[in-house]
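Everything below concerns the one structure shown next.
Residue numbers (my numbering): 724 to 822.
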């Protein structure tokens, strides 16, 4: 079921699943990340750690997007307000061109 919270996430090309997290709790999920509370907890902690790397003082996080890249897929985390929007996307690995 598409809600306003997840409408844009479902249209992302090559997405394999998504999580919407607030205060460590899963608000919405789908696909490979369906009800994946362990991944939600790990990513929440990763974002909290990255927020500790502030180079400038301010209330906003020092970044808007965080990517964790694996061989065949990536986890893309976007911070918006108090929510984390996580999308698992398929990577398109291109073979190097032999010259």
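Beta carbons are placed, not taken as given, at the ideal position from N, Cα and C, and that holds for glycine.
Whole-number beta carbon distance between residue 726 and residue 742, since they are thought to touch under 8 Å: Position 19 of the chain shown, counted from the start, is the residue given in the question as residue 742. Position 3 of the chain shown, counted from the start, is the residue given in the question as residue 726. Taking a contact as a CB-CB distance under 8 Å, the pair residue 742 and residue 726 does not count as one, their CB atoms being some 14 Å apart.
Host beta strand (DSSP E) of residue 801 (start-end): Against the chain shown, residue 801 aligns to sequence position 78. From DSSP, the beta strand (DSSP E) with residue 801 extends over 796-803.
CB of residue 729 within 8 Å of CB of residue 748, strictly: Indexing the chain shown from 1 puts residue 729 at position 6. Indexing the chain shown from 1 puts residue 748 at position 25. The answer is no: Cβ separation not under 8 Å.
Best match in 744, 755, 775 for proximity to residue 764 [C-alpha to C-alpha]: As a position in the chain shown, residue 764 is number 41, starting the count at 1. For the residues 744, 755, 775, the minimum Cα distance to residue 764 belongs to 744.
Span of the alpha helix (DSSP H), counted from its first residue to its last, around residue 770: As a working mapping, residue 770 is identified with position 47 in the chain shown. Per DSSP, residue 770 belongs to the alpha helix (DSSP H) from 760-774.
Three-state class that DSSP yields for residue 756 in the structure shown: Start at 1 with the first residue of the chain shown, and residue 756 comes out as number 33. In this structure, residue 756 counts as coil in the three-state DSSP scheme.
Residue 801 versus 755, 786, 733, residue with shortest Cα-Cα distance: Along the chain shown, one-based indexing puts residue 801 at 78. Closest by alpha carbon: 786.
Residues of its chain near residue 773, where Cβ-Cβ distance is below 7 Å and the 5 sequence neighbours each way are ignored: Indexing the chain shown from 1 puts residue 773 at position 50. Closer than 7 Å at the Cβ level, and outside the excluded window around residue 773, lie 786, 789.
Contacts around residue 793, its chain only, beta-carbon distance under 8 Å, and the 5 residues preceding and following it disregarded: If you number the chain shown from 1, residue 793 lands on position 70. Excluding residues within five positions, the ones whose Cβ falls inside 8 Å are 814.
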